[in-house]
Amino acid sequence: CGFGTDFGESVTFCCEDVLNNPNQVIFRVWDCYNNYNDCMVQVNVEDKKQPVLVSCPGPHTITCDYYWEDIEIPMAIGDESILDQFGAPEYADNCNMDVVLNNNVNIDQCGNGTIARTWQGTDAAGNGPVSCTQVITVRHISDWVVQFPADVSASCTDTDLPDFGEPELFDESCELLAA
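What follows is the structure, encoded as structure tokens:
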């Protein structure tokens, strides 16, 4: 758009023309004897329309188990696309936009915390930024179980004491427990 050699009643400009300023336009005028005259002008095309945030993904809550088993390692090696499952914002603009995403992970050793995902959209003309923030809350779940060994009777006079066993912990993936 904006380029061509056809003369018409109007000139069409597009977003790419904003970046190519100034744009040369030739106006041609014809008279009734089929004579014409050209006039060249420089046109600066401006995009003054601000981008609009159409929708921002809502908050989510996940367990520390899910975070540690499915999200922590991909994030640690730089694969932030693992968070795409929680949604993305939708923007509207008359021109193309650059959208920058920043993820801020703040999870403590007990598995409590948040992942704040902030998008900023700016169009090629510099309009914006339009921001959107989604918070993913990571919750520590205390669903651990302690299983104690069976009761054993022993006499204190025995020199060889039986194996009493030890308590066992189950489902303590988010816990800092020891027995």
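Sequential numbering of the sequence shown, starting at 22, is according to this note's numbering.
Note that the Cβ used here is the ideal one computed from N, Cα and C, for glycine as well.
What residues are listed by DSSP as bridge partners for residue i?
| i | result |
| --- | --- |
| E111 | S76 |
| Y57 | W51 |
| H161 | Beta-bridge pairing links H161 to no other residue. |
| T180 | T180 is not bridged to any residue. |
| V62 | V46 |
So the beta strand (DSSP E) residue i belongs to, where does it begin and stop?
| i | result |
| --- | --- |
| E189 | 189–191 |
| L122 | 118–128 |
| T84 | 81–84 |
| Q141 | 134–144 |
| V167 | 166–168 |
Distance, Cα to Cα, residue i vs residue j?
| i | j | result |
| --- | --- | --- |
| F48 | N55 | 15 Å |
| D129 | G99 | 19 Å |
| F107 | H81 | 7 Å |
| N148 | L40 | 13 Å |
With 8 Å as the threshold, decide whether the Cβ of residue i is near any Cβ in chain D.
| i | result |
| --- | --- |
| D184 | Absence of chain D from the displayed structure is noted, only one protein chain being present. |
At which residues does the alpha helix (DSSP H) containing residue i begin and terminate?
| i | result |
| --- | --- |
| L104 | That residue, L104, is in no alpha helix (DSSP H); it is neither H nor E in DSSP. |
| A97 | 93–97 |
| D38 | 36–40 |
Taking 7 Å as the limit between beta carbons, can you name the residues of its chain near residue i, skipping five residues before and five after?
| i | result |
| --- | --- |
| D192 | D164, W165, V166 |
Tell me which residues share the same chain as residue i and place their Cβ nearer than 6 Å to its Cβ, disregarding the 5 neighbours each side in the sequence.
| i | result |
| --- | --- |
| Y88 | V159 |
| P43 | Q63, N65 |
| K70 | N115 |
| G186 | P170 |
Discussion item. Any contact between the region 74–84 and the region 150–160? By contact I mean 3 or more CB pairs, one from each, below 8 Å.
Written reply: yes
Worksheet entry | Any 3 or more C-beta pairs closer than 8 Å across the region 85–95 and the region 57–77 | The answer is no - the region 57–77 does not touch the region 85–95, with fewer than three Cβ pairs under 8 Å.
Discussion item. Under 8 Å, with one C-beta from each stretch per pair, do the region 134–154 and the region 116–125 reach the 3-pair mark?
Written reply: yes
Item to complete: Decide yes or no for the touch test of the region 172–183 against the region 112–120: beta carbon pairs closer than 8 Å, at least 3 of them.
Response: no
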